[in-house]
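Presented below is the structure to which this report refers.
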Amino acid sequence: FEVDTSWEGFQWIDLSDAAQSIISFYRRAADPSDLLVFVCNFTPVPRLGYRVGLPLAARYCEILNSDWTQFGGSGVRNETLIQAEAIPWQSCAFSAPLSLPPLGVTVLKPVREAASAS
26 FEVDTSWEGF QWIDLSDAAQ SIISFYRRAA DPSDLLVFVC NFTPVPRLGY
76 RVGLPLAARY CEILNSDWTQ FGGSGVRNET LIQAEAIPWQ SCAFSAPLSL
126 PPLGVTVLKP VREAASAS
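Okay, here's the thing in structure tokens:
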């Protein structure tokens, strides 16, 4: 990312869920809407319906999941686009429930919607 060497390119979403051993953060480029959300589950237990704070009102696509079957994983994944809901969570204005794989990392990217013709 363009702001890799600056704290402006990094933001914790949640680093305090020790009970479930999950952390989340996002990395962004100079354009604040160009970002990636990382959610890490450090337990051998899948977390289904785990709500995560999201920085933008957008739909998100799972672009990487370390548990995908092509990587030898069990296949716990988010198969459809994830719609951010206007439910404040973890210091973010939006959130959504996710399926988190065991001992895995999920990476989400906001989908840029095509401009409608007027």
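In short: position in the sequence shown from 1, add 25, done, that's my numbering.
Idealized CB from N, CA, C, for every residue including glycine.
Keep in mind that this is a model prediction, so the values were computed, not measured.
Nearest to residue i by CA position, among the options, is which residue?
i: S91; options: V70, S31, S99; result: S99
i: V132; options: C117, L106, T30, I112; result: L106
i: K134; options: I88, G78, P80; result: I88
i: D42; options: R72, E138, E104; result: R72
i: I38; options: A118, G129, E104; result: A118
Using a Cβ-Cβ cutoff of less than 6 Å, which residues in the same chain neighbour residue i once the five nearest sequence positions on both sides are dropped?
i: T68; result: S46
i: I48; result: L40, C65
i: Q36; result: Y51
i: V62; result: Y51, L133
Ignore the nearest five residues each way along the sequence and tell me which others in residue i's own chain have a CB closer than 8 Å to its CB.
i: V54; result: One detail in the question is off: residue 54 reads as Ala in this sequence, not Val. So the list reads F26, E27, V28, G34, L60, once near-sequence residues are dropped.
i: W93; result: G100, R102
i: V136; result: A83, R84, Y85, C86, L106
i: S120; result: R76, V77, G78, L79, A109, E110, I112, P113, W114
DSSP three-state call for residue i: helix, strand or coil?
i: A43; result: coil
Measure the beta-carbon distance from residue i to residue j and round it to whole angstroms, keeping in mind my assumption that it falls under 8 Å.
i: L123; j: V64; result: 6 Å
i: L125; j: Y51; result: With a Cβ gap of about 16 Å, L125 and Y51 do not count as contacting.
i: S58; j: L81; result: 6 Å
How about residue i: is its Cβ closer than 7 Å to a heavy atom in the ligand ADP?
i: L40; result: Among the components modelled here there is no ligand, and therefore nothing to report on the ligand ADP.
Alpha helix (DSSP H) runs contained entirely in the region 55-115, provided each spans 4 or more residues: none
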